[in-house]
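Numbering (our numbering), first residue to last: 1 to 268.
For each residue, glycine too, the CB sits at the ideal point set by N, CA and C.
Here the structure is a predicted model, which is why all the values come from computation and not from measurement.
These notes concern the structure reproduced below.
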Amino acid sequence: MSKIVLITGASSGFGKIIAEKLSDEGYTVYGTSRNPNKYPSPKKYKLLKYDITSFKESSNLVERILKEKKKIDILINNAGIGFSGPVEEISIKDVKNVFDTNFFGQIDLIQNVLPIMRKNNYGLILNITSIAGFHGIPFVSTYCASKASMEFLGEALNMEVKRFGIRVINIAPGDYNTEIKINRKDTLIKNNSAYYKVYKGFLDQWSLSMNNSRNPVELANLVSNIIKKKNPRIHYMLGPFLQKISTTLKKILPEKIYERILMNHYKL
Numbered sequence: 001m002s003k004i005v006l007i008t009g010a011s012s013g014f015g016k017i018i019a020e021k022l023s024d025e026g027y028t029v030y031g032t033s034r035n036p037n038k039y040p041s042p043k044k045y046k047l048l049k050y051d052i053t054s055f056k057e058s059s060n061l062v063e064r065i066l067k068e069k070k071k072i073d074i075l076i077n078n079a080g081i082g083f084s085g086p087v088e089e090i091s092i093k094d095v096k097n098v099f100d101t102n103f104f105g106q107i108d109l110i111q112n113v114l115p116i117m118r119k120n121n122y123g124l125i126l127n128i129t130s131i132a133g134f135h136g137i138p139f140v141s142t143y144c145a146s147k148a149s150m151e152f153l154g155e156a157l158n159m160e161v162k163r164f165g166i167r168v169i170n171i172a173p174g175d176y177n178t179e180i181k182i183n184r185k186d187t188l189i190k191n192n193s194a195y196y197k198v199y200k201g202f203l204d205q206w207s208l209s210m211n212n213s214r215n216p217v218e219l220a221n222l223v224s225n226i227i228k229k230k231n232p233r234i235h236y237m238l239g240p241f242l243q244k245i246s247t248t249l250k251k252i253l254p255e256k257i258y259e260r261i262l263m264n265h266y267k268l
């Protein structure tokens with residue numbers, strides 16, 4: 001029997017490409033989407049309706065898969081939302097939505113899947129985090145914080161469940177050409193805001209970076225390779241060279257110099 005994969009946020013972007021890749025390789029894949037009817041029905045995998053911010057839906061989602069396949073071998077926490085804005089002007093409602101999507105909803109689904117994996121003495125949980133989770137990027141503070149939270153959660157969880165034959169792996173991509181650049185929410189601020197000019201410049205720079213970013217197939221290939229490994233690492237990072245090396249530079253450079261490099265990059 002093929003391994004059963006559950007991947008959130010599989011209607012577009014990373015999730016869709018990963019789902020198609022794993023389906024082609026013989027895995028039985030269940031993907032999720034908040035609004036599956038908005039998208040053509042996938043031919044290679046099932047796309048189920050699931051809102052990760054509605055915690056009551058997690059148990060129903062897991063139970064449906066168990067009725068059909070009796071197990072879930074691999075969980076890929078891919079669903080996420082991009083968000084930007086000056087800390088002074090973002091709404092707490094938006095902040096809560098970012099964390100419900102990028103962090104709390106992920107925990108809820110993990111809690112529903114873990115008992116199944118423990119029973120089977122096998123499981124693999126892959127968290128799609130972000131290189132942004134290793135930095136405090138101006139105007140993306142909330143997104144960075146949510147991804148950093150998932151990095152530490154995955155690291156700790158791996159030590160908790162390793163004894164049950166379960167592995168937890170964090171994959172932190174940099175900028176890739178996916179729908180996140182379209183679907184992200186940018187805070188609308190007034191023309192007379194103290195942040196208006198610099199925030200607009202940041203958004204222009206960010207959009208330019210995203211438009212020139214890499215092919216997301218790279219992540220799908222990495223996920224496929226990780227699943228096949230007997231002893232995968234806990235942390236993986238992929239993306240443009242400068243983004244990957246930035247995490248090392250942050251550790252070795254004086255903090256004021258690193259801060260100036262980051263501010264210059266975003267024209268602050």
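The C-beta distance from Leu47 to Ser58 rounds to 17 Å, too long to meet the 8 Å contact threshold. Checking the DSSP bridge columns, you'll see Lys46 partnered with Tyr30. When only Cα atoms are considered, Glu20 and Lys44 end up about 6 Å apart.
Residue environment: Ala194 is assigned as exposed (fewer than 16 neighbouring CB atoms within 10 Å of its CB, all protein chains considered). Between Phe55 and the set Glu160, Val5, Ile110, Tyr30, the nearest pair of CA atoms involves Ile110. Counting C-beta pairs with one atom in each stretch, the region 149-168 and the region 117-134 have three or more that are closer than 8 Å, which means they touch. Collapsing the DSSP output to three states places Ile4 in a strand. Between the alpha carbons of Leu242 and Lys70 lies a distance of about 44 Å. Runs of beta strand (DSSP E) with 3 or more residues, each lying fully within the region 58-87, are found at 74-77, listed in chain order. For Arg184, no beta strand (DSSP E) encloses it, and the DSSP letter there is neither H nor E. Pro138 is classed as buried because its beta carbon has at least 16 other beta carbons within 10 Å across all chains shown.
Using a Cβ distance threshold of 7 Å, Ile18 and Gly105 do not count as a contacting pair. Spanning the alpha carbons of Glu255 and Phe134 requires a straight line of approximately 14 Å.
The three-state secondary structure of Gly154, taken from DSSP, is helix. When C-alpha distances from Leu75 are compared across Asn37, Pro40, Pro115, the shortest belongs to Pro115. Positions of the beta strand (DSSP E) runs, each at least 3 residues long and wholly inside the region 202-257, are given as 235-238 in order along the chain. By the Cβ test, the region 204-215 is not in contact with the region 245-264, since fewer than three Cβ pairs between them sit closer than 8 Å.
Taking Gly9 as reference, the option from Tyr50, Gly26, Asn192, Pro40 with the minimal CA-CA separation is Tyr50. Annotation: Gly82 to Arg184 spans about 4 Å, alpha carbon to alpha carbon.
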